[in-house]
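The numbering of the sequence shown is the numbering used here, which starts it at 1 and goes up by one. Ideal placement from N, C-alpha and C gives every residue a C-beta, glycine not left out.
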Amino acid sequence: MSSRIAVLFALLSPCALVAQNYTITTLAGGGLPVNIPGTSANLAALSGVSMAADKAGNLYFPYQNTILRMDAKSGMLTLVAGTGTAGFTGDSVPATSAQLNLPNSVAIDSHGNIYIADTGNNRVREISDGTITTVAGDGTSNVGVFPPNKLGLVIAVAVDPTDNLYICDRANNVVWEMVGSNLMVVAGNGHNGYGGDNNSAPTAQLNQPNGIAFDPSGNLYIADSNNERVRMVSGGVITTVAGTGKSGYNGDNQAATAAMLNEPIAVATDPNGNLYIADESNGRVRVVANGIIQTFAGIGSAQFGGDNGPATKAGMLPGTVTADALGNVYIGDSNVNRIRKVNNGTITTVVGGAPASGGPASGMQFGKTGPVAVSSNGDVYVADSGSYYIWKVSGGIVSMAAGNGTAGKAGNGGPATSAQVDSLAALALDSHGNLYIGDAGDVSVREVSNGVISLLVGPPALSSPSGIAADSQGKIYVADVRANRIFQLNGGVLTPVAGSGTFGYNGDNISALSANLNVPNGIAVDASGNLFIADTQNCRIREVSNATITTVAGKATCGYSGDDALATDAELYVPKGVAVDAAGNIYIADTGNNVVRKVSNGVITTIAGADRS
């Protein structure tokens, strides 16, 4: 469920007023970390498979539907392209006014022209003198008809030493060169697989290539990710230069072709021709010099650590890597949303990692937002698994409610803002303002009361919390998606109130405890104490009243249909959230249809969203 839909659900909780007209606005978030030092940024979700450095050492990287630049001397971040809103608004406009859609890669030629793999728009865009244009792709995907002279999925771009542009097309399993306005295959025959080493590169098979780079001699390196290899094209001939094709890790100080890799996701080279590999699932950046592989950074653990020390002792999850003209190596650490720099073997953070402190809601940078809850006075609490915080939005200001910015489960019995949180699956508030947290990462339900966090229940009683609700009498209900049941929580004890524990559907108008559910997620309680369940894989919303279960929305088939008619005749598609307002109207996060639907007096309508794919 998107954060905006989640906020809408919270605002329609039993303590909220009934709304008749629905206007969607952004309550908080959407701010970009620009015109601040990189080390003062608290990045949300760092993405992309390649960064780039220009001749002066300025670093360019994709972020939140934009391209940002870190100045090599001042460390300041500025906006290069994009507005932060995903979309496509055309070309021949200032790059900072143009919309991008999930840009994944950036490259720079010797003249300072910037090329962007605008993946969501399936285009390659160029910025020249501040103006953006499309140089390849028309926004459509052409897969399987080969060679189509059209792009399947633009995932990465690179330029060679003579400024020719190359495009990594993951869907077609090829690498293209732009020749004038045409595309020419330089590697891959369009069929996923492995084969063709020591032969013409266009006849070889690639398997989900994910990143490309050139060395100073013009050799092309390909992160052939699903083949667990790095391939090189030199003189038109392709060879394997790292990886055995078997996923794993078998150490360093050996021939790179004898070393196992584990999801090599990105590649880069330095001015000396050394090859760097973001060996993502091994938690390492590897370097290949003279055919021998070494660990350049990382200890094999994704858990962050090691700044200001040896790079080979640092924990990381490398999603991208690049090197500048001075040989500094930059690593996108996607697990903690930081860009880290390795200089003379020492690693530091240069972008991201600043302690989150909140501030104006409109400028807030959230990570992976999800569940929300609203207090009786309208304060909104937002779960942010991307930054490992729970935020409070009050009067247009965001402040910390729980979490210290690191993943884990420590801190019970102390201040909530000093405690660790992890994969936040559910939030709820009771009538006294106590906050309840369902954490799927540490498998727990915790309570924040008067600023102190405590553990209410964990394993083995709980297996995977997916929803929490509190009624007006202070009763707490917990959905456990793995147990396939709904429980009432009292004194640390979970008592089943719905679900037999068997996955499936066996009818309605029966005891709620004997009913089969199928992956229950969000839950809600109305003013009368009736319990509502988003029975996700059954594509239904179920109600438990007086211990009997019924369906209030959805039917046996999943899909999208039924507006302005009985909700029990309508189709839903994997609904994951449910809320009830003070008048008893039911609101559904119809997740598979990307809409919010309302049930009033038994009739269903769509009130938000348009994409019903």
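Through-space distance from residue j to residue i, alpha-carbon basis
i    : j    : result
T23  : G370 : 20 Å
V445 : V519 : 18 Å
M1   : Q365 : Below a pLDDT of 50, predicted positions are generally treated as unreliable, and M1, at 39, falls in that range; the measurement from the model is reported next regardless. Between M1 and Q365, the C-alpha separation is close to 18 Å.
V596 : I588 : 6 Å
A619 : G352 : In the structure as shown, the chain begins at 1 and stops at 613. Residue 619 is therefore absent and cannot be evaluated.
G137 : T131 : 18 Å
S13  : A579 : Note that S13 scores a pLDDT of 42, beneath 50, so its modelled location is shaky and nothing firm can be said.
G467 : A373 : 11 Å
S561 : E543 : 21 Å
A95  : T89  : 11 Å
N593 : K555 : 15 Å
G298 : V285 : 6 Å
M184 : P465 : 51 Å
N698 : V241 : Lying before the first or after the last residue shown, residue 698 is absent from the chain, which here runs from 1 to 613.
Q205 : A53  : 30 Å
Contacts around residue i, its chain only, beta-carbon distance under 8 Å, and the 5 residues preceding and following it disregarded
i    : result
D270 : Y276, A323, G327, V329
A86  : N65, Q99, L100, N101, L102, G120
S511 : A547, T548, I549
Where the beta strand (DSSP E) through residue i begins and ends
i    : result
E543 : 540–545
P209 : 209–214
G467 : 465–470
K341 : 338–343
C558 : Per DSSP, C558 belongs to no beta strand (DSSP E) and is neither H nor E.
V481 : Looking at the DSSP string, V481 is not in any beta strand (DSSP E), and its letter there is neither H nor E.
D324 : Unbroken run through D324: none, as it is neither H nor E.
E126 : 123–128
D197 : Looking at the DSSP string, D197 is not in any beta strand (DSSP E), and its letter there is neither H nor E.
D535 : 531–535
Nearest neighbour of residue i, chosen from the options [CA to CA]
i    : options                : result
I114 : M76, P62, F88          : P62
L32  : I523, N65, N58, M51    : N65
Q488 : Y60, I36, L462         : L462
T591 : Q537, G408, T550       : Q537
S376 : N434, G75, S514        : N434
A28  : A289, V380, G38, I339  : V380
D279 : G305, N546, G315       : G315
A470 : I397, G522, F296       : G522
L261 : T39, T140, I116, Y249  : Y249
I292 : P310, E263, N282, A256 : A256
K341 : Q303, N335, V350       : V350
G243 : V157, R229, V237, M184 : R229
G441 : M400, D384, G396       : D384
A81  : Y60, V159, T406        : Y60
R540 : I586, S500, V336       : I586
Reduced DSSP secondary structure (H/G/I, E/B, other) of residue i
i    : result
S97  : helix
Q294 : strand
L102 : coil
S362 : helix
L317 : coil
G90  : coil
T257 : helix
S394 : strand
S334 : coil
D590 : strand
I167 : strand
A10  : Bear in mind that the predicted position of A10 carries a pLDDT of just 46, short of 50, making it too unreliable to give a figure here.
E280 : helix
L489 : strand
P202 : helix
N58  : coil
Close-in-space but distant-in-sequence residues of the same chain around residue i (CB under 6 Å, 5 per side omitted)
i    : result
T83  : Q99
D163 : D109, S110
T332 : In the sequence under discussion, the amino acid at residue 332 is Gly, which differs from the Thr named in the question. Answer for G332: L46, G319, T320, I339, listed in chain order.
Same chain, Cβ closer than 7 Å to residue i, neighbours up to 5 away in sequence not counted
i    : result
G602 : L566, A567
N58  : R69, M70, D71, A72
heavy atom of the ligand ZN below 7 Å from residue i C-beta
i    : result
N226 : Ligands are entirely absent from the displayed structure, and the ligand ZN is therefore not among its contents.
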